[in-house]
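Student:
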Amino acid sequence: MKHKIGKAFIHAPFTEEGKKIIGKYFKIKQNTEEYMYSLPEEVLLREGKDAHVLIVYRDKLSDRIINQLEKLMVIGCPHGGEITKFIDVEAATSRRIPIVYAPGRNARTVAEFTIGLMIAVARKIVSADCTLRKGIWPYKTWNEYKRWEGMELLEKNLGVIGIGSVGFEVAKIARALGMKILIYDPYADIKRIEAVNGMSVSLQVLLRESDFVTIHVPLTPETRRMIGANELSLMKRTAYLINTARGAVVDEKALYKFLKEGRLAGAALDVFEKEMEAPPFIDLENVIVTPHLGGNSREVISRHSIMIARDIEKIVQGEKPNFILNPSVLEGRA
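For the sequence shown, the numbering used here gives the first residue as 6, with consecutive numbering after it.
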């Protein structure tokens with residue numbers, strides 16, 4: 006196509022390769038500042054008023070905004086499962102505007118981060134590093150050396166709560182490391198469980214028998230604080246809890262109490278109920294805390310850029326996109 010048919014406004018991390026695909030059809034304008042959060046409404050309206058394509062990350066696209074963007078023909082959003090938190094899907098659908106997205110874009114990245122946290126907390130890597138940085142050699146006697154004793158992953162039980170795209174990748178890696186996989190997921194695809202030679206069990210059995218418990222469920226009314234004091238009391242005192250999903254899935258006050266009292270060996274947490282502030286666990290040596298970095302890798306940005314760009318190209322060419330949130334808008338199109 007020699008002539009570009011309109012404008013694409015991008016307010017999201019997006020690679021040059023992805024922009025090259027979209028740039029065959031649209032003039033691109035990208036706002037690279039503060040893409041983690043929503044632009045003010047007036048900025049979205051100003052930039053979007055003549056845009057045929059809008060690619061956003063966490064921008065709030067309300068029905069009021071969507072209905073004022075008269076030229077808009079497609080919305081792209083990298084998020085896999087939380088789009089409805091940011092975009093009024095009903096408003097877009099009523100205007101027959103397709104929303105393309107990138108499910109599974111960060112599954113491998115979060116899974117590797119999860120395994121890294123498991124190893125780090127079980128081998129006390131972060132505590133050892135911090136001690137040395139204070140100029141202190143952490144042991145001089147055998148008893149002091151034993152204090153830093155860690156635990157291997159080989160032949161340990163890993164309890165995976167949620168075998169979606171991330172949980173499945175975690176289970177695959179853990180299986181390759183020689184771990185035994187227990188899975189709790191009432192909505193699980195049995196083929197995924199079989200693929201990792203896992204065992205489907207109740208939540209209670211998983212908590213009682215696992216040496217590591219890792220959480221990979223979305224935050225819903227059903228999963229909010231699904232791991233509370235009763236559930237934590239079922240876990241071994243030698244077990245570790247890993248959470249790279251959503252902070253509110255765990256009752257943080259209960260978890261803090263169990264960790265402080267030594268009723269759990271430790272935890273590694275990348276997510277918290279309240280983010281953008283210091284988490285309540287920072288005074289505990291048996292906890293690793295990270296600021297929601299599990300999905301942060303260059304590969305994720307590359308992956309979602311290509312997924313979204315190719316689907317936008319398909320729509321321009323009159324083809325069905327691979328990943329569309331509201332496929333009903335395509336019904337009846339030539």
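Ideal placement from N, C-alpha and C gives every residue a C-beta, glycine not left out.
For R101, which residues from the same chain have a beta carbon less than 6 Å from its beta carbon, with the 5 sequence-adjacent residues on both sides left out?
Tutor: By one-based count along the sequence shown, residue 101 stands at place 96. Around R101: V334.
Student: Taking only beta-carbon atoms, is I166 less than 8 Å away from chain C?
Tutor: Considering every chain present, this structure includes no chain C. It has just one protein chain.
Student: In chain order, what residues of the same chain have a beta carbon less than 6 Å from the beta carbon of Y42, not counting five sequence neighbours either side?
Tutor: As a position in the sequence shown, residue 42 is number 37, starting the count at 1. Cβ neighbours of Y42 beyond the five flanking positions: R63.
Student: So, using beta-carbon positions, are D93 and K76 closer together than 8 Å?
Tutor: Start at 1 with the first residue of the sequence shown, and residue 93 comes out as number 88. Start at 1 with the first residue of the sequence shown, and residue 76 comes out as number 71. Not a contact, by the Cβ cut-off of 8 Å.
Student: For the alpha helix (DSSP H) containing I247, list its first residue and its last residue.
Tutor: Taking the sequence shown and counting its residues from 1, one reaches residue 247 at position 242. Segment 245-248 is the beta strand (DSSP E) holding I247; no alpha helix (DSSP H) there.
Student: Looking at the secondary structure, which residues open and close the beta strand (DSSP E) in which A272 lies?
Tutor: Working through the sequence shown from its first residue, we reach residue 272 at position 267. Element bounds for A272: 271-274.
Student: What ranges does the beta strand (DSSP E) occupy inside the stretch 44-82, keeping only unbroken runs of at least 3 residues that lie completely in it?
Tutor: Entirely contained in the stretch 44-82, the beta strand (DSSP E) runs reaching 3 residues are, in chain order, 56-61, 79-82.
Student: Write down the C-beta distance between R110 and G85 rounded to the nearest angstrom, noting that I regard them as a contact closer than 8 Å.
Tutor: Position 105 of the sequence shown holds residue 110. Position 80 of the sequence shown holds residue 85. Yes, R110 and G85 are in contact; Cβ-Cβ is about 6 Å, under 8 Å.
Student: Below 7 Å CB to CB, which residues in the same chain sit around T98 once its five sequence neighbours on both sides are set aside?
Tutor: Locating residue 98 in the sequence shown gives position 93, where the first residue counts as 1. The residues are N331, S333, V334.
Student: So, at 7 Å on beta carbons, what are the nonlocal neighbours of M156 in its own chain, with the 5 sequence-adjacent residues on each side left out?
Tutor: Taking the first residue of the sequence shown as position 1, residue 156 is located at position 151. A127.
Student: Please state whether DSSP places M231 in a helix, a strand or coil.
Tutor: Here the question's residue 231 lines up with position 226 in the sequence shown. Here M231 sits in coil by DSSP.
Student: What are the boundary residues of the beta strand (DSSP E) that includes N361?
Tutor: Only positions 6 to 339 of the chain appear in this structure, which leaves residue 361 out of reach.
Student: If you follow the beta strand (DSSP E) that V210 is part of, which residue opens it and which one closes it?
Tutor: On the sequence shown, residue 210 is found 205 positions in, with the first residue counted as 1. Premise fails: V210 lies in the alpha helix (DSSP H), 208-214, not in any beta strand (DSSP E).
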